[in-house]
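In this text, residue positions in the sequence shown follow my numbering: the first is 24, and each later residue adds one.
Note that beta-carbon positions come from the ideal geometry of N, C-alpha and C, so glycine has one too.
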Amino acid sequence: MVELIRNNNKNEVLERRKDDTESKCCVRHCTINMREILGRFDDGTFSVIMCPNHQIMYVIGILKNSEMNLLPSNLTDKKVCSLCEEQAIIFAENDATYELCSSHLKKLIRKNLLPNEFMVLYGRYGSTFQLHEDFYDNYGGTVQPVKFKEERN
């Protein structure tokens, strides 16, 4: 089934597929189903597709697997982290596919990479949504890290 909606800001029609699990956030009761903003996590066991808000909730441990509709993994072989050689989780967005271990993936989603980590990833992937000037300065320093309540001063 296809639902057509009007985007009031740009006066254009966007297509949403209600029956396509590949274009909807996997978190139960989430209604976000626009491919352009979704990210897919695949650890070789299962994969999940999430909107940006649920991505953050997932990497900080608020969101549990039991709250999501898990999808089968698409991986046929194991990958290693681009930064440390640990086993990687594949994180695919509209503009890039990252191969990062759990700890580096958390840092990427939280916009909290160390300058040397940012530089390595920027050299490999270029300017992407996760790696651009709104989140990092010219030296790889974080500009807008996602902080938890207990981390705030």
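With distances taken from CA atoms, which of C49, G163, K101 and F64 is nearest E90? C49
Does V82 pass the burial test, meaning 16 or more other C-beta atoms within 10 Å, or should it be called exposed? buried
How many angstroms separate the CA atom of C107 from the CA atom of V71? 23 Å
Just curious, the beta strand (DSSP E) that S150 is in, first and last residue? Here S150 belongs to no beta strand (DSSP E), and DSSP marks it neither H nor E.
Using alpha carbons as the reference points, say which of K129, F64, Y121 and D160 lies closest to P95. F64
Distance, Q110 Cα to H77 Cα: 23 Å
Could you tell me the distance, in whole angstroms, from the CA atom of G146 to the CA atom of T54? 35 Å
Would K130 and V169 qualify as a contact pair, given that the criterion is a beta-carbon distance under 7 Å? no
Following the continuous alpha helix (DSSP H) through V82, name the residue where it begins and the one where it ends. P75 to V82
What's the C-alpha gap between K47 and R58? 7 Å
When the Cα atoms are used, what is the spatial distance from F141 to G163? 5 Å
Given V103, which residues of its chain have a CB within under 6 Å of its CB, disregarding the five upstream and five downstream residues? A111
I113: first and last residue of the uninterrupted beta strand (DSSP E) it sits in: I112 to A115
Nearest-angstrom Cβ-Cβ length linking D157 and Q167, presumed shorter than 8 Å: 7 Å
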